[in-house]
Amino acid sequence: MTKGLFISFEGIDGVGKSTQLDLLVRYFEELGRTVCRTLEPGGTDLGREIRELLLHRKGEVAPRAEALLFAADRAHHVAILVRPALERGEVVITDRYLDSSVAYQGSGRDLGFDQVRDLSLFAVDGLLPDLTVLLDLDAEKAAARRSNTGAEPDRLERAKTEFFETARKSYLDMAAAEPSRWLVLDAEQSVETMQAKIRERVQGLLG
Ligand code: TYD
């Protein structure tokens, strides 16, 4: 049976993850692979309820409660959707995974990099992606891209530029510490250039 492949996309809000993700899904479909395209938070029915609480509920969410809600979403997502799809030999591509929690809650909210990483690994019982693509962009430029879409910012997106700059740095530190899992791309490059680099890296994983 074909081996499953697990790929996550990461980056601060506004860097253009979904465009790259769409193109990569198309690439695998053209290769004849079954793709499970998913996201966090909100990749399952339960997750969609948690997503509402995290992003759209009025009022404060304490930082540790926020971290635990993301972890709960992820635990369910991995158990119900991600692991079964990988066991069927599918390609799972997720818009955000546990590195988002390390960057946003661990570093951005200052809950501690190691603690949030440990909590996240507990949630997923140690499952790490084969490849994590980081789209890297300066926080000011990412904010400008977000405001260009005209969409109403959610609770997380209302955070200050400093929060996103801290999260960005945390991502870059993780990528530097584990280069075999990460691909870092400058998100100011063209859509085509970034996609070509992603596909080149993916080809190496397909063997
Ligand atoms: P979403 O609308 O999916 O944003 P994006 O399109 O940028 O991925 O909202 C997810 C928000 O939740 C985003 O601001 C990042 C944040 N987040 C965390 O803070 N921690 C996490 O573990 C995850 C998965 C997301």
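Each residue of the sequence shown is one higher than the last, beginning at 974 in my numbering. Glycine is no exception: its CB is placed at the ideal position from the N, C-alpha and C atoms. Note that this is a predicted model, so its numbers are computed, not measured.
(1) Which class does Thr1122 belong to by DSSP, given the choice of helix, strand or coil?
(2) Mind checking whether the beta-carbon of Tyr1070 lies closer than 8 Å to any heavy atom of the ligand TYD?
(3) Straight-line CA distance for Ala1112 to Arg1047?
(4) Under the three-state reduction of DSSP, which class applies to Ile985: helix, strand or coil?
(5) Report the three-state DSSP secondary structure of Thr1017 (helix, strand or coil).
(6) Taking 8 Å as the cut-off, is the C-beta of Ser1163 nearer than that to any heavy atom in the ligand TYD?
(7) Name, in chain order, the residues that DSSP records as bridge partners for Thr1011.
(8) From what residue to what residue does the alpha helix (DSSP H) around Leu1041 run?
(9) Going by DSSP, name the residue or residues bridged to Leu1145.
(10) Does the distance between the C-beta of Pro1102 and the nearest non-hydrogen atom of the ligand TYD fall short of 8 Å?
(11) Does Asp1098 come out as helix, strand or coil in the three-state DSSP assignment?
(12) Just tell me which of Ala1052, Ala1044, Gly1062, Thr1067 has its CA closest to the CA of Gln1078.
(13) Please classify Leu1028: does DSSP put it in a helix, a strand, or coil?
With the given structure in hand:
(1) Thr1122 falls in the helix class under three-state DSSP.
(2) Yes.
(3) Approximately 25 Å, taken between the alpha carbons.
(4) If DSSP states are grouped into helix, strand and coil, Ile985 belongs with coil.
(5) The three-state reading of DSSP puts Thr1017 in coil, since its state is none of H, G, I, E or B.
(6) Ser1163 Cβ: outside cutoff for every heavy atom of the ligand TYD.
(7) Thr1067, per the DSSP bridge assignment.
(8) DSSP places Leu1041 in the uninterrupted alpha helix (DSSP H) bounded by 1036-1050.
(9) DSSP, once it has assigned bridges, lists no residue as partnering Leu1145.
(10) The answer is no for Pro1102.
(11) Coil, per DSSP.
(12) Answer by Cα proximity: Ala1044.
(13) The DSSP-derived three-state label of Leu1028 is helix.
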